[in-house]
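Colleague: Top line first, the protein sequences correspond to chains A and B. First residue of the first sequence: 1, per UniProt numbering; consecutive thereafter. First residue of the second sequence: 1, per UniProt numbering; consecutive thereafter. The beta-carbon is built from N, C-alpha and C at its ideal position, and this holds for glycine as well. The structure follows.
Number of protein chains: 2
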Amino acid sequence: MSERVIPEGGRKRRRPTKQGSVLSEQLIVETALRLVAQHGAEALSVRRLGAALGADPSALYRYFHNTDALLLALADEMIGRAQEGWRATGDWREDLRSMGLRIHACYLSHPQAAVLGAYRTTGRLHETRAVERILGILRSAGFPDAFAVRAYHAFVDQALAFAALDAAALALPKAAREADEAVWNSVYGRLSADTHPNIAAAFPLLAADMRDSGYPFALELMLDAMAALRPAAAEA
Amino acid sequence: MSERVIPEGGRKRRRPTKQGSVLSEQLIVETALRLVAQHGAEALSVRRLGAALGADPSALYRYFHNTDALLLALADEMIGRAQEGWRATGDWREDLRSMGLRIHACYLSHPQAAVLGAYRTTGRLHETRAVERILGILRSAGFPDAFAVRAYHAFVDQALAFAALDAAALALPKAAREADEAVWNSVYGRLSADTHPNIAAAFPLLAADMRDSGYPFALELMLDAMAALRPAAAEA
DNA sequence: ACCTTACGTCAACACCATTGACGTGTAAAC
DNA sequence: GTTTACACGTCAATGGTGTTGACGTAAGGT
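Below you can see the structure in the form of structure tokens.
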């Protein structure tokens, strides 16, 4: 088939499908996200997406090289949505914090899609913009480049990793999620102080804390550590 | 089929397969892990696992309710292996560090199972032991319970989240993984300094750093921050 | 030696991603 | 205004996947 996909820029002949939809990369991405939001991640297949679009499944291959390319497009769309309306304040800690929490929150609002895309490198528009911004925050905070790069890497991966972890828990089939949650009371709440003294001593606090995401606190610890390592010359 | 699976305890009639293997839950788990380790994530399918065992694929359903149950069994096996031979040194930082790195490394060695198991709460033996140990490290380091619990949560979730993130990248089909890696050179290396000044300035460092996991550095930052928040009374 | 039944096997089902061939309608060329 | 080229939606087929019900055989208890 040599090359089936035409880049979105040069599309002219928009022929409607039998059922009347006019396809586009954008429409496909939006429909896919909607499909996932409504019926869960496992509902995303080429066949079902084709049906939801009112088109033959194989028509998608005119827009995306394969399903993986489609996933990357979904991932990038979500990064874009996370950054929508974000503004730098000039306070590096505050800017990193808000960026991290936004990414986390946005992925959690589409748990099923987050699971699919959080760990991909897309190289697409929204992603490069996010990278540029975060690097910019760190470099203009006065961190030397070598440190800024390592800090960028740790920060971004932490945000995406927690987002994926928390999203995955949310995206679990209802039965499995409830079973996992019940384990805290049915197993950890009943461990003997003889065999598990630390769990027994901390259990009430533990059960309460595990209900929420560990990300905000982990993020705060990371920012603390970065602040402590910031060159004295850069301090305000 | 009512109930096809017999719990491992009550198995008596071990009939060899046509090709002579004698199946067991343990053998299946081991073979699956070996399959994944040797031939990559894609090699793990019921059919291929059956072939590797010298048995009809459907025989597996006599041992596991479905593939999800099989993968959970793999994950449980891995938690055990991660802690095998671990010993506390009494230095809380060193103990947390070694525990975190072990979990991370162990999950990475079986990415396919890690992706599915990292965000589940099993409440099984190996898991409760790990929780007890980590809480113990923090409490006997002198952190008050309320802080120890939050720190435990952040620590564990960060280890699992990074493990899942890095494992997911490894578990990608070969083509997709290579494409993601190539993006760093083909996209980020070619961004103009006009539109993306920070990326352009930091690119060589960035490309080098992104090749490895961000976890070790993120872990170190977390330990730094915890050390700074440790009550003065507890300091040696 | 007889029963019971566990468990390995077989065949079938429903789904999946992907591809090559085909023809039609569109937009550009003249 | 007609013609022409080809983009793109459609169809059919391929080889993969997990899962299940029916079946017979050999193992274990008696």
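(1) Leaving out the 5 sequence neighbours to the left and right, which residues in its chain are closer than 7 Å to residue 22 of chain A when beta-carbon positions are compared?
(2) Could you name the residues of chain B that residue 150 of chain A contacts, counting a contact when the two beta carbons are closer than 9 Å?
(3) Taking the alpha carbon of residue 81 of chain A as the reference point, which residue from A/130, A/193 and A/39 has its own alpha carbon closest?
(4) Do residue 163 of chain B and residue 126 of chain B count as a contact pair if the criterion is CB distance below 9 Å?
(5) Using a C-beta cutoff of 9 Å, does residue 101 of chain B count as contacting chain A?
(6) At which residues does the alpha helix (DSSP H) containing residue 38 of chain A begin and terminate?
(7) Could you spell out the range, first to last residue, of the alpha helix (DSSP H) harbouring residue 185 of chain B?
(8) Could you give the C-beta distance for residue 154 of chain B and residue 78 of chain B, rounded to a whole number, given that I count them as a contact under 8 Å?
(9) Measuring straight from C-alpha to C-alpha, what distance separates residue 206 of chain A and residue 98 of chain B?
(10) Leaving out five residues on either side along the sequence, give the residues of the same chain with a beta carbon under 7 Å from the beta carbon of residue 54 of chain B.
(11) For residue 136 of chain A, return the contacting residues in chain B, with the cut-off set at a CB-CB distance below 7 Å.
(12) Identify the contact partners of residue 125 of chain A in chain B, using a Cβ-Cβ distance below 7 Å as the criterion.
(13) Report buried or exposed for residue 112 of chain A, applying the criterion of at least 16 other Cβ atoms within 10 angstroms of its Cβ.
(14) Using only alpha-carbon positions, find the residue among B/219, B/229 and B/231 that is nearest to residue 96 of chain B.
(15) Does the beta-carbon of residue 89 of chain B have 16 or more other beta-carbons within 10 angstroms, so that it is buried, or is it exposed?
(16) Would residue 63 of chain B pass as an interface residue toward chain A - the criterion being a Cβ-Cβ separation below 9 Å?
(17) Could you check whether residue 188 of chain B and residue 160 of chain B sit closer than 9 Å to each other, using their CB atoms as the reference points?
(18) From what residue to what residue does the alpha helix (DSSP H) around residue 211 of chain B run?
(19) So within the UniProt region "Disordered" (1 to 20) of chain A, which uninterrupted beta strand (DSSP E) runs reach at least 3 residues, ignoring any that extend past its ends?
(20) CB residue 237 of chain A to CB residue 44 of chain A, shorter than 9 Å?
(21) Taking 9 Å as the CB-CB cut-off, is residue 186 of chain B touching chain A?
(22) Would you call the segment 24 to 39 of chain A and the segment 67 to 74 of chain A in contact, with 3 or more CB pairs under 8 Å?
(23) Could you give the residue range of the alpha helix (DSSP H) that holds residue 101 of chain A?
(24) What is the DSSP secondary structure of residue 84 of chain B, counted as helix, strand or coil?
(25) Indicate whether at least one CB of chain A lies closer than 9 Å to the CB of residue 228 of chain B.
(26) Pop quiz: residue 87 of chain A and residue 141 of chain A are said to be a contact at Cβ under 8 Å. What is the actual Cβ separation, rounded to whole angstroms?
(27) Residue 2 of chain A to residue 50 of chain A, Cα distance in whole Å?
(28) Taking only beta-carbon atoms, is residue 60 of chain A less than 9 Å away from chain B?
(29) Spatial neighbours of residue 42 of chain B within its chain, please: C-beta separation below 7 Å, excluding the five flanking residues on both sides.
(30) If the cut is a Cβ gap below 9 Å, which residues of chain B does residue 94 of chain A touch?
(31) For the alpha helix (DSSP H) that contains residue 166 of chain A, what are its first and last residues?
(32) Against residue 132 of chain B, what residues of chain A qualify as contacts under a CB-to-CB distance less than 7 Å, listed in chain order?
(33) Check whether the Cβ atoms of residue 186 of chain A and residue 123 of chain B lie closer than 9 Å to each other.
(34) Looking at the C-beta of residue 89 of chain A, does it have a partner C-beta in chain B at a distance below 9 Å?
(35) Using the Cβ count rule (16 or more neighbours within 10 Å means buried), how would you classify residue 91 of chain B?
(36) Cutting at 6 Å between CB atoms, please list the residues of its own chain near residue 76 of chain A, excluding the five before and the five after it.
Modeller: Let's see:
(1) Correct list, in chain order: 14 and 16.
(2) Simply 205, 209, 214 and 217.
(3) The alpha carbon of residue 81 of chain A has as its nearest neighbour, out of A/130, A/193 and A/39, the alpha carbon of A/130.
(4) Against a cut-off of 9 Å, the Cβ pair of residue 163 of chain B and residue 126 of chain B comes out as no contact.
(5) Not a single CB atom of chain A sits nearer than 9 Å to the CB of residue 101 of chain B.
(6) Element bounds for residue 38 of chain A: 25 to 39.
(7) First-last of the alpha helix (DSSP H) with residue 185 of chain B: 174 to 186.
(8) For a cut-off of 8 Å, the C-beta gap from residue 154 of chain B to residue 78 of chain B is around 22 Å, too long to register as a contact.
(9) Each residue's alpha carbon lies about 23 Å from the other.
(10) Same-chain partners within the cutoff: 17, 19, 20 and 21.
(11) Within 7 Å Cβ-Cβ: 198.
(12) Those do not exist, as residue 125 of chain A stays about 10 Å from chain B at its closest Cβ, beyond 7 Å.
(13) Counting Cβ neighbours within 10 Å, residue 112 of chain A comes out buried, since at least 16 surround it.
(14) Shortest Cα-Cα distance from residue 96 of chain B to any of B/219, B/229 and B/231 involves B/219.
(15) That one is exposed.
(16) Against chain A, the CB of residue 63 of chain B has no partner CB under 9 Å away; the residue lies outside that interface.
(17) The beta carbons of residue 160 of chain B and residue 188 of chain B sit no closer together than 9 Å.
(18) It is not in any alpha helix (DSSP H) - residue 211 of chain B carries neither H nor E in the DSSP assignment.
(19) Runs found: none.
(20) The question about residue 237 of chain A has no answer here: the residues shown for chain A are numbered 1 through 236.
(21) For residue 186 of chain B, at least one C-beta of chain A is nearer than 9 Å to its own C-beta.
(22) Contact annotation: the segment 24 to 39 of chain A touches the segment 67 to 74 of chain A, with at least three C-beta pairs closer than 8 Å.
(23) Segment 92 to 109, the alpha helix (DSSP H) holding residue 101 of chain A.
(24) DSSP places residue 84 of chain B in coil when its eight states are reduced to three.
(25) It does; some Cβ of chain A falls within 9 Å.
(26) Not a contact, Cβ separation roughly 16 Å.
(27) Legend: pLDDT at residue 2 of chain A = 49, less than 50; position of this residue unreliable, no value from coordinates given.
(28) No, residue 60 of chain A does not count as interfacial toward chain B.
(29) Around residue 42 of chain B: 173.
(30) Correct list: empty, because the minimum Cβ distance to chain B is about 17 Å.
(31) Going by DSSP, residue 166 of chain A is part of the alpha helix (DSSP H) stretching over 145 to 171.
(32) The contacting residues are 196, 198 and 199.
(33) Their beta carbons are under 9 Å apart, which means residue 186 of chain A touches residue 123 of chain B by this criterion.
(34) Answer no: the Cβ-Cβ gap between residue 89 of chain A and chain B never drops below 9 Å.
(35) Classification for residue 91 of chain B: exposed.
(36) Only residues of its own chain outside the window of five on either side were considered, and among them 122, 124, 126 and 127 have a CB closer than 6 Å to the CB of residue 76 of chain A, listed in chain order.
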